Amino acid sequence: MSPTTLPAPPEQGHVTFLGAGPGDPGLLTLRAVEALANADVLVAEHDVLDVVRTHARQGVAEVHTDADTPASSTPGTGTPQLTVVDGASTTAGVPANRDAAHLVMEAARGGKRVVRAVSGDPGLDAYAAEEMLACASAGVPFEVVPGVAAAVGVPAYAGVPLRDAEGADVRFVDARTASDRCWTEVGASDGTVVVSTTLDSVAAAAGELVSAGRKPDTPLTVTVAGTTTRQRTWSATLGTIAQTLKQAKVLPSPEGGRPVIAVVGERSAAAQRDRLAWFESKPLFGWKVLVPRTKEQAASLSDQLRSYGAVPHEVPTIAVEPPRTPQQMERAVKGLVTGRYEWIAFTSVNAVRAVREKFEEYGLDARAFAGIKVAAVGEQTAKALIAFGVKPDLVPSGEQSAAGLLEDWPPYDPVFDPIDRVFLPRADIATETLVAGLIGLGWEVDDVTAYRTVRASPPPAETREAIKGGGFDAVLFTSSSTVRNLVGIAGKPHNVTVIACIGPATAKTAEEHGLRVDVMAPEPSVHKLAEALADFGTRRRLAALEAGDPVTRPSERRPGARRRRSTT
């Protein structure tokens, strides 16, 4: 008698309850990033999705709060309606009676790895216990990845330490669910109180604390949009916070108010915030900076701008296309393999990319450069070569330009140089400076068009209006062509926008287009340009503080204010 074959038990998935932190994507933990990279399904509120989706693998199924349906963050008041988005970005509605726990369980079926991402920390900021219990009841294994809680992370970014040297008591209160007994207990304490509330209700929460026994002159800080570049903090007392918000023209919100974190207490270091507010005092905090380069070209520059507190916005001004006649490039690449060249000189990342694409087309790799000396202009060009597996033999020791390369390039010596030819892959609009200089040093040059640069398509209408209407605080011009092309495809930046140029030639082009140049890099480097803009922002901030004026961004101009053009 043959043994009975039993059906295989259904595969059980795995759920990770993950804290996404209070808003800054940089606060995700390493374990959170690892879990996101391995997820099959991502379940998150709409705003949290923007924080975590960058680390999710391509094609992951997403489940998130409908952007048009306000989500309730109060335990016991129901679950927001959710929308399922598959890897192809097609959307299908989920019935309103399907709560989050049900969705998590459905997603976990069939062996799926599910990440349930919540704002802040799963145990303090979100009521995730019901979903965890559902997993436990169904035998679905789960884990919890803690996140930075808003009540802890936001005060840190606002420059408000919660403890002092004496280790003062710290209590956390959610004003949206606090009972009268809770207010009475915290009112009787002299420790620090961290209150989670809304901007519309913060004055009422202050009133509750005063009624419970706290003195009206107790220091208080209120922070909205904490840990993001929209963060704003007000310092006041329990008795004056309502008037402070009124003077700041903080109006009631039709959605019921934005979430805020208020820190109350004599020992909360509120009086020292001017010296401890490290985040909001960054040189370019909240500045919206236009970077007229592609995302690939602007990656490191945008990261640098973010470190200064800026919000970079990449707008490509040129598009790179193959040469109209590829035969010349094909012959040159074959010449690399057959030993035709002594040197190859790369003057841009695009040149590296063009040669690499040809190599891949012919099934070649970095080994084809064996025996050939390689020169590179610029830090990013050198990095692109190293990523390809090629370490440059020559990088200018001084100015990162064709002229700088020529200063270090050795003259041709028939005794030591068996071959006298240089391969120069470049753009169709490149100058003749390098070619003429190499010929002057005794070298033969194969000057080959490796790619063409054409004007990019215009950016979206919203971006064009922001450029012309003063929506950007600054724009970085990295070449004369970026000036011409940006003005051509999007219009001239508004006169309140700070104009930063990489060098004199670019600045001259900007002035020819009627732009006032406010910042110039001390040397032709995109990173030095970003540093120069940050220095400008620091000087601007200090000047406002010394004058007793509020620190504002260039785009926060007064109505009717116009900036005069320099006559120098």
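For the sequence shown, the numbering used here assigns the number 3 to the initial residue and increments by one for each residue that follows.
Glycine included, C-beta positions come from ideal geometry on N, C-alpha and C.
These numbers come from a predicted model, not from an experiment.
Looking at the structure shown, is residue i part of a helix, part of a strand, or coil, going by DSSP?
i    : result
V351 : helix
Y453 : strand
I374 : coil
H315 : strand
D448 : strand
P506 : helix
D52  : helix
F571 : This structure cannot settle anything about residue 571, because the visible part of the chain is limited to 3 through 570.
I491 : helix
W185 : helix
A264 : strand
Q233 : coil
S198 : strand
F479 : strand
H529 : helix
L164 : coil
V397 : coil
Q14  : strand
P27  : helix
T242 : coil
G21  : strand
D176 : strand
Any idea if residue i is buried or exposed, counting beta-carbon neighbours within 10 angstroms, 16 or more meaning buried?
i    : result
G21  : buried
N40  : exposed
E446 : exposed
P416 : exposed
S237 : buried
W280 : exposed
Y364 : exposed
P556 : buried
T511 : buried
F418 : exposed
E36  : exposed
S459 : exposed
D571 : Nothing in the structure corresponds to residue 571, since the chain is present only between 3 and 570.
T56  : exposed
T327 : exposed
G400 : exposed
G95  : Low confidence applies to G95: its pLDDT is 37, below 50, so where it sits in the model is not reliable, and the reading given next is rough at best. By the neighbour-count rule (16 or more Cβ atoms within 10 Å), G95 is not buried but exposed.
P9   : Residue confidence is low: P9 scores 49 on pLDDT, short of 50, so the model does not pin down where it sits. Its coordinate-derived value is still stated next. Classification of P9: exposed, given that the 10 Å Cβ count is below 16.
S181 : exposed
A588 : This structure does not reach residue 588, given that the chain is present from 3 up to 570, and the question cannot be answered.
Got a sec? Which residues, its chain only, sit under 8 Å from residue i by beta carbon, not counting five neighbours each side?
i    : result
I421 : G341, R342, Y343, E344
T194 : L164, R165, A170, D171, V172, R173, V265, V266, G267, R269, S270
C184 : V175
V291 : L307, A312, V313, P314, H315, F474, D475, A476, V477, L478, L535
E332 : K360
A452 : P325, M331, N352, A353, A356, V357, P427, R428, A429
A138 : F144
V424 : Y343, E344, W345, I346, A347, L440, W445, E446, V447, D448
How would you write the range of the alpha helix (DSSP H) that residue i sits in, first residue to last?
i    : result
V204 : 204-213
S121 : Per DSSP, S121 belongs to no alpha helix (DSSP H) and is neither H nor E.
L32  : 32-39
P157 : 152-160
G471 : 463-471
T225 : Per DSSP, T225 belongs to no alpha helix (DSSP H); it is in the beta strand (DSSP E), 221-226.
E409 : 404-410
Only counting the same chain, and skipping five residues up and downstream in sequence, which positions put a Cβ closer than 6 Å to that of residue i?
i    : result
G444 : P413, Y414
A190 : G215
P495 : I469, V477
P27  : V53
R100 : For R100, the predicted structure reports a pLDDT of 47, less than 50, and the residue's modelled location is therefore unreliable. The matter cannot be settled from this model.
D127 : S121, A151, A152
D42  : K114, R115
G505 : P526
V1   : Lying before the first or after the last residue shown, residue 1 is absent from the chain, which here runs from 3 to 570.
Since residue i contacts residue j with CB under 8 Å, what's their CB separation in whole angstroms?
i    : j    : result
A370 : F361 : 6 Å
G523 : L517 : Going by the sequence as given, residue 523 is Ala instead of Gly. A523 to L517, Cβ: 16 Å. No contact.
T319 : I441 : Contact flag wrong, Cβ pair sits at about 32 Å.
V262 : V204 : 6 Å
Q14  : G122 : About 28 Å separates the two Cβ atoms, so there is no contact after all.
G155 : G23  : 6 Å
N124 : F19  : It should be noted that the sequence gives Pro, not Asn, for residue 124. So it is a contact: roughly 5 Å between Cβ atoms.
L286 : G539 : 5 Å
Going along the chain, which residues of its own chain have a beta-carbon closer than 7 Å to the beta-carbon of residue i, five neighbours each way excluded?
i    : result
A208 : L222, L240, I243
Since residue i is in the beta strand (DSSP E), which residue starts that stretch and which ends it?
i    : result
K290 : 290-293
R333 : No beta strand (DSSP E) contains R333, which is instead part of the alpha helix (DSSP H) from 329-340.
If we define contact as Cβ-Cβ less than 7 Å, is residue i a contact residue for chain B?
i    : result
F348 : Annotation note: the requested chain B is absent from the structure, which comprises a single protein chain.
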